[in-house]
Amino acid sequence: MLGKQGKRDQAKETIDARWKTAESSLMKNVLRSQSLSESELETARFLSSAIIRCWREELDTLGKTTQNALQAPKLLSKWENLLTLQNNEAVHLRAHPDSLDTWIRVYTFLRCAVQAASSAIPSTLASYFEGSERIRDVLARDHGNVFGIWEEGEAMLDDDESEMLGFAMYIEGSYFNHSCDPNVGKTRRGRAMEFRTTREIVAGEELNINYIDTKADWKSRRKELLSGWYFDCKCRRCIDEQASDITT
Ligand SMILES: [Zn+2]
1 MLGKQGKRDQ AKETIDARWK TAESSLMKNV LRSQSLSESE LETARFLSSA
51 IIRCWREELD TLGKTTQNAL QAPKLLSKWE NLLTLQNNEA VHLRAHPDSL
101 DTWIRVYTFL RCAVQAASSA IPSTLASYFE GSERIRDVLA RDHGNVFGIW
151 EEGEAMLDDD ESEMLGFAMY IEGSYFNHSC DPNVGKTRRG RAMEFRTTRE
201 IVAGEELNIN YIDTKADWKS RRKELLSGWY FDCKCRRCID EQASDITT
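Note that UniProt numbering has the sequence shown beginning at 1, numbered continuously upward.
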């Protein structure tokens with residue numbers, strides 16, 4: 001979901017303060033005293049992969065800038081695309097306050113691990129893990145924007161037999177808003193996600209995917225979308241089904 005310029009959350013200052021404290025904390029002996037759970041290690045891997053991509057992208061951009069000088073059109077980088085997604089940090093922490101401890105533990109672990117391996121890591125990359133800004137940029141967009149990865153090569157939300165294997169972030173795929181009556185379907189092809197229209201599209205019609213299983217009734221769907229994706233679904237189907245509930 002693309003971000004909106006929403007009003008600043010009052011909790012943001014408290015969250016910022018916690019991150020600032022973590023950034024200035026001493027790293028001595030953290031690796032020895034702090035072990036991460038399996039899911040925290042997964043988060044650490046995900047964050048490392050995202051930050052390394054950001055670093056490589058910035059190196060590429062620097063290279064292109066010097067070689068192609070003026071003729072290269074300015075393209076939006078993937079990292080910039082990530083930043084256009086809705087920032088769900090405050091709204092996620094309001095519903096799951098314990099996540100902040102987890103996030104800061106993972107950040108501290110990564111910062112410490114990078115410092116410990118500083119002789120093997122380029123200093124420009126190591127500097128990306130010093131502050132929390134990029135880590136927060138990713139975490140804030142993780143919840144509400146990642147896609148479930150299902151077995152059988154399909155994102156089969158409507159198939160009860162299918163098992164979810166994990167999550168992946170497809171930044172441009174997250175530009176699709178949700179509808180309970182979507183006109184775009186998604187299929188996983190290896191590591192890629194393919195999006196195809198599922199019916200005729202009228203000029204100007206918005207393309208939508210479904211974030212959840214759409215078989216449930218409108219109240220259940222709205223509840224799930226509000227708790228997992230932080231919005232109240234006002235799609236045509238929800239409005240129609242709510243109206244017919246009220247009139248019957
Ligand atoms: Zn809906």
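Ideal Cβ placement from N, Cα and C applies to all residues, glycine included. Quick caveat: nothing in here was measured; it's all calculated off a predicted structure.
Just to check, is the beta-carbon of residue i closer than 7 Å to a non-hydrogen atom of ligand 1?
i    : result
R221 : yes
S227 : no
R53  : no
R199 : no
C112 : no
R237 : yes
Which residues in the same chain as residue i place their Cβ atom closer than 7 Å to its Cβ, once the five residues preceding and following it in sequence are excluded?
i    : result
Y170 : F147 and M193
S174 : M1, L85 and N145
E151 : S162, E163 and L165
V114 : I121, A126 and F129
R18  : L100 and I104
Take residue i and list the residues in its own chain whose beta-carbon comes closer than 6 Å to its own, dropping the five residues that flank it on each side.
i    : result
A50  : V138
W229 : G144 and Y211
R237 : C180 and D181
K219 : none
Exposed or buried, which one is residue i when buried takes at least 16 other CB atoms within 10 Å?
i           : result
residue 254 : Residue 254 is absent from the structure shown; the chain starts at 1 and stops at 248.
E89         : buried
V202        : exposed
P122        : exposed
D142        : buried
L47         : buried
S132        : buried
K186        : buried
I15         : buried
L226        : exposed
Just checking residue i against ligand 2 - is the residue's beta carbon closer than 7 Å to any of the ligand's heavy atoms?
i    : result
S179 : Absent from the structure shown: ligand 2. Ligands present: ligand 1.
I'd like to confirm the pairing. Which residues does DSSP put opposite residue i in its beta bridges?
i    : result
M193 : R188
F231 : Paired residue(s): none; F231 is not in a bridge.
W150 : M164
L139 : In DSSP, L139 forms no bridge with anything.
N177 : N208
Could you tell me how far apart the beta carbons of residue i and residue j are, in whole angstroms, since I believe they sit closer than 8 Å?
i    : j    : result
L125 : W79  : Their Cβ separation, rounded to whole angstroms, is 14 Å, which puts L125 and W79 out of contact at 8 Å.
F176 : I209 : 4 Å
Kindly list the residues whose CB is nearer than 8 Å to the CB of residue i, restricted to its own chain and excluding five residues on each side of it in sequence; keep chain order.
i    : result
R222 : D232, C233 and C238
C235 : H178, S179, C180, D181 and N208
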